[in-house]
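J.:
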Amino acid sequence: MIITMKKNAPRQEIDRLLRELESQGISATEIQGTDYNVFGLVGNTTSLDARKIEGLPFVDNVQRVSAPYKLANRVFHPEDTVVDVGGVKIGAGQPIAVMAGPCAIENRELTDQIACEVKKAGAVLFRGGAYKPRTSPYSFQGLGLEGIQYMAEVRERYHMPIVTELMSADKIDEFVEHVDLIQVGARNMQNFQLLKELGRIDKPILLKRGLANTIEEWLMSAEYIMAGGNEKVILCERGIRTFEKYTRNTLDLSVVPIIKQRSHLPIVIDPSHATGDRKLVEAMSLAAIAAGADGLIIEVHTDPPHAASDGAQSLYPEQFASLMEKGRAIAKVVGRSL
399 MIITMKKNAP
409 RQEIDRLLRE
419 LESQGISATE
429 IQGTDYNVFG
439 LVGNTTSLDA
449 RKIEGLPFVD
459 NVQRVSAPYK
469 LANRVFHPED
479 TVVDVGGVKI
489 GAGQPIAVMA
499 GPCAIENREL
509 TDQIACEVKK
519 AGAVLFRGGA
529 YKPRTSPYSF
539 QGLGLEGIQY
549 MAEVRERYHM
559 PIVTELMSAD
569 KIDEFVEHVD
579 LIQVGARNMQ
589 NFQLLKELGR
599 IDKPILLKRG
609 LANTIEEWLM
619 SAEYIMAGGN
629 EKVILCERGI
639 RTFEKYTRNT
649 LDLSVVPIIK
659 QRSHLPIVID
669 PSHATGDRKL
679 VEAMSLAAIA
689 AGADGLIIEV
699 HTDPPHAASD
709 GAQSLYPEQF
719 ASLMEKGRAI
729 AKVVGRSL
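Counting from 1 along the sequence shown, just add 398 to a position and that's the residue number in my numbering.
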């Protein structure tokens with residue numbers, strides 16, 4: 399619910415109304431304008447009588463918001479959120495943040511080689527999988543804490559914050575200590591207990607869209623994290639499952655302008671998992687930049703045919719460098735930098 403106060407509404411009356419709302423378990427976020435003050439109400443507003451509130455002499459208008467997400471809603475938070483990840487700012491008005499690295503961390507030497515290449519090409523964050531959710535239980539599952547430690551070494555050597563996927567709540571303390579941006583994978587997007595736990599920590603979260611989830615369901619998952627007190631959420635589109643078989647998933651680039659319209663949270667695109675084919679990654683990356691994405695997360699490997707995971711979608715370093723060069727030109731056209 400949104401309450402718009404009249405221009406000369408007495409502060410005393412406004413505060414009295416807010417106290418009454420708070421006594422009913424409803425919190426209000428104030429948005430100050432030149433000629434008016436707007437309050438966005440968060441909580442169970444179904445019991446409130448909108449007509450009674452609108453009848454108050456200092457109230458101009460009362461409007462119910464149909465979207466079930468409140469904290470992630472641009473209506474309640476008109477300014478774009480910028481999330482600071484280890485000194486790298488991600489969000490509207492900031493340089494487009496490119497996260498790059500291997501799908502899975504395999505060993506110390508290879509991790510360093512890939513980090514060196516992506517840093518040289520212009521990536522600002524290093525991504526890699528230490529705990530790997532695999533479709534088959536017989537596939538490589540990652541190195542666990544050892545892999546995170548290799549990534550931490552890369553962070554110190556190349557001054558790149560690291561992003562990796564969290565699989566379960568029992569590893570949260572480990573991630574809080576070692577990881578700069580905690581990724582929630584597509585399969586865990588609706589693991590609500592995990593999301594609640596992440597809402598209690600002070601660490602940026604990269605929330606991937608589920609395999610076949612709607613935009614509203616995705617934003618509601620962000621709401622779970624934010625409702626716990628952690629508002630450092632970055633959304634990540636990684637393709638959704640459709641009937642199409644020519645790509646691994648179907649990349650929904652329309653989410654970029656939709657999210658920009660409906661939410662204040664930054665949005666990142668993952669063209670690697672969306673397409674599953676390195677020949678398509680560059681085109682989709684450039685399209686994402688043109689659409690207004692705040693970042694990209696791209697898989698890069700020095701020897702993709704022998705990668706432990708997802709080699710088919712991993713770019714060679716020279717391909718990644720070429721993508722970055724073209725991306726800078728596209729970013730300039732849309733008023734951003736890369």
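Virtual Cβ for every residue (Gly too), placed ideally from N, Cα, C.
#1: Starting from the Cα of Gly542, find the closest Cα among Leu523, Arg553, Glu515, Ile570 and give me that residue.
#2: Report the residue ranges of all alpha helix (DSSP H) runs contained in full by the stretch 590-671; include only those spanning at least 4 residues, in chain order.
#3: Let me confirm a value: Gly627 is counted as buried when at least 16 other C-beta atoms fall within 10 Å, else exposed. Which label applies?
#4: State the start and end residues of the unbroken alpha helix (DSSP H) segment that holds Ile696.
#5: If you draw a straight line from the alpha carbon of Ser707 to that of Ala567, how long is it in whole angstroms?
#6: Among Met403, Ser534, Ala513, Thr509, which one has its Cα closest to the Cα of Gln461?
#7: Inspect the CB distances between the stretch 569-589 and the stretch 503-519 and report whether three or more fall short of 8 Å.
#8: Could you check which residue in Gly491, Leu439, Asn435 has the C-alpha nearest to that of Gly423?
#9: Classify Ala691 as buried or exposed, calling it buried when 16 or more other Cβ atoms lie within 10 Å of its own Cβ.
#10: If you scan the stretch 434-521 from start to end, which runs of the beta strand (DSSP E) of 3 or more residues do you find wholly inside it?
#11: Considering only their Cβ atoms, is the gap separating Gln711 from Arg676 smaller than 8 Å?
#12: Among Ile695, Gly545, Asp600, which has the Cα closest to the Cα of Gly583?
#13: From which residue to which residue does the beta strand (DSSP E) around Leu564 run?
#14: From the beta carbon of Pro531, is the nearest beta carbon of chain C less than 8 Å away?
#15: Could you check how far apart the C-beta atoms of Leu651 and Ser683 are, in whole angstroms? I think they sit under 8 Å.
#16: If you count every other CB in all the chains shown that lies within 10 Å of the CB of Ser421, and 16 or more means buried, which is it?
#17: Out of Val473, Gln539, Leu419, point me to the one whose CA is closest to Lys450's CA.
#18: Excluding five sequence neighbours on each side, which residues of the same chain lie with their C-beta closer than 7 Å to the C-beta of Gly709?
#19: Going straight from the alpha carbon of Ser619 to that of Met558, what length do you get?
#20: Taking all protein chains shown into account, decide if Phe524 is buried (16 or more other Cβ within 10 angstroms of its Cβ) or exposed.
#21: Confirm, please, whether the CB-CB distance from Pro664 to Ile632 is below 8 Å.
#22: Could you check which residue in Leu469, Lys658, Arg726, Gly733 has the C-alpha nearest to that of Met624?
T.: Quick answer:
#1: Here residue 542 is taken as the residue at index 144 of the sequence shown, counted from 1. That would be Ile570, whose Cα lies nearest to the Cα of Gly542.
#2: 590-596, 613-625, 653-660
#3: Mapped onto the sequence shown, residue 627 falls at position 229. Classification of Gly627: exposed, given that the 10 Å Cβ count is below 16.
#4: Position 298 of the sequence shown holds residue 696. Here Ile696 belongs to no alpha helix (DSSP H); instead the beta strand (DSSP E) covers 693-697.
#5: If you number the sequence shown from 1, residue 707 lands on position 309. If you number the sequence shown from 1, residue 567 lands on position 169. Each residue's alpha carbon lies about 24 Å from the other.
#6: Counted from its first residue, the sequence shown places residue 461 at position 63. Residue Met403 is the option with its Cα nearest to Gln461.
#7: no
#8: The residue given as residue 423 occupies position 25 in the sequence shown. Out of Gly491, Leu439, Asn435, Leu439 has the C-alpha closest to the C-alpha of Gly423.
#9: Locating residue 691 in the sequence shown gives position 293, where the first residue counts as 1. Its Cβ being crowded by 16 or more others within 10 Å, Ala691 is buried.
#10: 435-440, 457-461, 481-483, 486-488, 495-499
#11: As a working note, residue 676 is residue 278 in the sequence shown. As a working note, residue 711 is residue 313 in the sequence shown. Yes. Within cutoff.
#12: In the sequence shown, the residue the question calls residue 583 occupies position 185. For the residues Ile695, Gly545, Asp600, the minimum Cα distance to Gly583 belongs to Ile695.
#13: What you label residue 564 is simply residue 166 of the sequence shown in a count that begins at 1. Segment 560-564, the beta strand (DSSP E) holding Leu564.
#14: Of the protein chains in this structure there is only one, and it is not chain C.
#15: Taking the sequence shown and counting its residues from 1, one reaches residue 651 at position 253. Taking the sequence shown and counting its residues from 1, one reaches residue 683 at position 285. With a Cβ gap of about 11 Å, Leu651 and Ser683 do not count as contacting.
#16: Here residue 421 refers to the residue found at position 23 of the sequence shown. It is exposed - the Cβ of Ser421 has fewer than 16 other Cβ atoms within 10 Å.
#17: Taking the sequence shown and counting its residues from 1, one reaches residue 450 at position 52. The shortest C-alpha separation from Lys450 is found at Leu419.
#18: Indexing the sequence shown from 1 puts residue 709 at position 311. Excluding positions up to five away in sequence, the list reads His699, Pro702, Pro703.
#19: Working through the sequence shown from its first residue, we reach residue 619 at position 221. Working through the sequence shown from its first residue, we reach residue 558 at position 160. About 28 Å.
#20: For the purposes of this step, residue 524 is identified with residue 126 of the sequence shown, where counting begins at 1. Burial call: buried.
#21: Here residue 632 refers to the residue found at position 234 when the sequence shown is read from its first residue. Here residue 664 refers to the residue found at position 266 when the sequence shown is read from its first residue. The answer is yes: Cβ separation under 8 Å.
#22: Translated into positions along the sequence shown, residue 624 becomes position 226. Nearest option by C-alpha distance: Leu469.
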